[in-house]
Amino acid sequence: MAAVKPLLETHGLGRSFGGLRAVDGVDFSLPEGETHAIIGPNGAGKTTFVSLICGSVAPTDGRVVFDGQDISLMPAHKRVRAGIAYTFQITSVFANLSAFDNVALAVQRHLIDDHERGLSSRALTEHGMDALQKVGLGDYADKVAGNLSYGHQRLLEVAMGLALRPRLLILDEPTQGLSDSEIENFIALVRQIGEEATVLLIEHNMDVVMALAERITVMEQGRILAQGAPAEIRANQAVQQAYLGG
Ligand SMILES: Nc1ncnc2c1ncn2[C@@H]1O[C@H](COP(=O)(O)OP(=O)(O)OP(=O)(O)O)[C@@H](O)[C@H]1O
1 MAAVKPLLET
11 HGLGRSFGGL
21 RAVDGVDFSL
31 PEGETHAIIG
41 PNGAGKTTFV
51 SLICGSVAPT
61 DGRVVFDGQD
71 ISLMPAHKRV
81 RAGIAYTFQI
91 TSVFANLSAF
101 DNVALAVQRH
111 LIDDHERGLS
121 SRALTEHGMD
131 ALQKVGLGDY
141 ADKVAGNLSY
151 GHQRLLEVAM
161 GLALRPRLLI
171 LDEPTQGLSD
181 SEIENFIALV
191 RQIGEEATVL
201 LIEHNMDVVM
211 ALAERITVME
221 QGRILAQGAP
231 AEIRANQAVQ
241 QAYLGG
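So that you can map any letter, position 224 of the sequence shown is 224 in UniProt numbering, and since no number is skipped, the others follow by simple counting.
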């Protein structure tokens with residue numbers, strides 16, 4: 001079987017904060033089309049790792065390669081244009097704007113002034129509505145975002161990422177604070193997204209991880225402790241001791 005070309009690679013990627021090695025020489029490869037989960041205890045370096053990938057944190061050492069191109073020094077906004085979308089925390093939603101305007105603004109901020117992917121206002125509307133419909137918020141387009149339920153605001157964030165039509169969508173603890181039924185719907189949504197995009201998911205809810213991930217990376221103290229298919233990770237003794245409490 002021909003190996004799938006990696007969409008994303010990191011080589012010796014590291015980030016120190018003072019004396020703390022938050023990410024410590026990580027070699028990572030993500031094949032195009034995969035849905036991949038990163039798990040690990042609090043403070044393991046997961047958020048710092050994806051921040052290095054999306055460019056909101058600069059590396060202390062090592063490289064990030066996206067689609068064969070070294071993007072280690074590329075500013076974050078250019079990485080978005082290259083196809084990397086990272087759903088930030090809920091604070092990225094403008095509470096006084098409508099759901100649609102939030103999505104349209106996300107597209108406008110990142111793509112509209114791009115000569116290659118420059119969008120007409122019609123395309124902007126289509127991208128925005130399409131993304132809202134995908135996450136199930138089509139009927140809420142005109143609603144003021146701040147009046148949406150917490151779960152719907154989280155979905156709106158995902159729509160803001162999806163509207164950028166990313167090749168790589170990074171979701172950082174997307175199910176945090178969602179109800180059980182919202183989590184069920186969210187799993188279905190990420191499955192659907194995974195048919196079109198590569199997904200990198202930081203997630204503490206192991207049911208979500210096991211339902212979605214084709215492969216899992218376990219981080220601990222800035223390093224990769226283990227990597228493999230869900231069944232392998234479950235069976236891994238080092239992982240059980242360090243993280244799964246087994
Ligand atoms: N800007 C920063 N300045 C100083 N230390 C930081 C900074 N960002 C992260 N750290 C530290 O780096 C380590 C890794 O943090 P990070 O948020 O990446 O871990 P995490 O695995 O995402 O944790 P959690 O699951 O709690 O979100 C932690 O010890 C954290 O305190």
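Yeah, the Cβ is synthetic: ideal placement off N, Cα and C, and Gly gets one too.
Locate the alpha helix (DSSP H) running through arginine 234, then write down its first and last residues.
Your numbering for residue 234 matches position 234 in the sequence shown. First-last of the alpha helix (DSSP H) with arginine 234: 230–235.
Taking 6 Å as the cut-off, is the CB of lysine 46 close to at least one heavy atom of ligand 1?
One-based indexing of the sequence shown puts residue 46 at position 46. It does: the Cβ of lysine 46 is within 6 Å (strictly closer) of some heavy atom of ligand 1.
Relative to the C-alpha of leucine 164, which residue among Leu105, Gly228, Thr35 is closest?
Position 164 of the sequence shown, counted from the first residue, corresponds to residue 164. Check the Cα spacing between leucine 164 and each of Leu105, Gly228, Thr35: the tightest is with Leu105.
Buried or exposed (CB count within 10 angstroms, at least 16 for buried), serine 181:
Against the sequence shown, residue 181 aligns to sequence position 181. It is exposed - the Cβ of serine 181 has fewer than 16 other Cβ atoms within 10 Å.
Using a Cβ-based criterion (distance less than 6 Å to any ligand heavy atom), does alanine 242 qualify as near ligand 3?
This structure does not include ligand 3; its bound ligands are ligand 1.
Quick one: using the 10 Å Cβ neighbour count with 16 as the cut-off for buried, is tyrosine 150 buried or exposed?
Within the sequence shown, numbered from 1, the residue matching residue 150 stands at position 150. So tyrosine 150 counts as exposed.
Is the beta carbon of residue 256 within less than 6 Å of some heavy atom of ligand 1?
Residue numbering for the chain in the displayed model covers 1 to 246; residue 256 lies beyond these limits and cannot be assessed.
Can you name, in chain order, every residue of its own chain whose Cβ lies under 6 Å from the Cβ of aspartate 24, other than the five neighbours on each side?
The count along the sequence shown starts at 1 and reaches residue 24 at position 24. The residues Gly14, Gly222, Arg223, in chain order, have a CB closer than 6 Å to that of aspartate 24 in the same chain once the five nearest residues on each side in sequence are set aside.
For leucine 169 and arginine 109, what's the separation of their Cα atoms in angstroms?
Locating residue 169 in the sequence shown gives position 169, where the first residue counts as 1. Locating residue 109 in the sequence shown gives position 109, where the first residue counts as 1. Whole-angstrom Cα-Cα distance: 17 Å.
Taking DSSP's pairing of strands, which residues face residue 291 in a bridge?
Beyond the ends of the chain as shown, which are 1 and 246, falls residue 291; an answer cannot be given.
Could you compute how far the alpha carbon of valine 26 sits from the alpha carbon of isoleucine 216?
Residue mapping note: residue 26 aligns to position 26 of the sequence shown, counting from 1. Residue mapping note: residue 216 aligns to position 216 of the sequence shown, counting from 1. One C-alpha to the other measures close to 15 Å.
Is leucine 132 closer than 7 Å to valine 103 when the C-beta atoms are compared?
Working through the sequence shown from its first residue, we reach residue 103 at position 103. Working through the sequence shown from its first residue, we reach residue 132 at position 132. Yes, Cβ-Cβ distance for valine 103 and leucine 132 is below 7 Å.
By alpha-carbon positions, which one of Ala141, Val239, Ala123, Leu124 ends up nearest to alanine 99?
Counting from 1 along the sequence shown, the entry for residue 99 is found at position 99. Sorting Ala141, Val239, Ala123, Leu124 by C-alpha distance to the C-alpha of alanine 99 places Ala141 at the top.
Tell me whether asparagine 185, by its Cβ, gets closer than 6 Å to a heavy atom of ligand 1.
Within the sequence shown, residue 185 is the residue found at index 185, counting from 1. The answer is no for asparagine 185.
Just to confirm the assignment, what range does the alpha helix (DSSP H) spanning aspartate 180 have?
As a working mapping, residue 180 is identified with position 180 in the sequence shown. Judged by DSSP secondary structure, aspartate 180 falls within the alpha helix (DSSP H) whose first and last residues are 180–194.
How is isoleucine 53 classed by DSSP in three states: helix, strand or coil?
Working through the sequence shown from its first residue, we reach residue 53 at position 53. Three-state result, isoleucine 53: helix.
Please tell me whether methionine 206 and glycine 45 are closer than 7 Å, where the distance is taken between their beta carbons.
In the sequence shown, counting from the first residue as 1, residue 206 sits at position 206. In the sequence shown, counting from the first residue as 1, residue 45 sits at position 45. Contact check for methionine 206 against glycine 45 fails: the beta carbons are separated by 7 Å or more.
Is the Cβ-Cβ distance between valine 107 and alanine 145 less than 7 Å?
Here residue 107 is taken as the residue at index 107 of the sequence shown, counted from 1. Here residue 145 is taken as the residue at index 145 of the sequence shown, counted from 1. The answer is no: Cβ separation not under 7 Å.
Could you spell out the range, first to last residue, of the beta strand (DSSP E) harbouring valine 40?
On the sequence shown, position 40 is the one that residue 40 refers to. With the sequence shown as reference, residue 40 is identified as glycine, and valine is not the correct amino acid for it. Glycine 40 -> no beta strand (DSSP E), and no H or E assigned at all.
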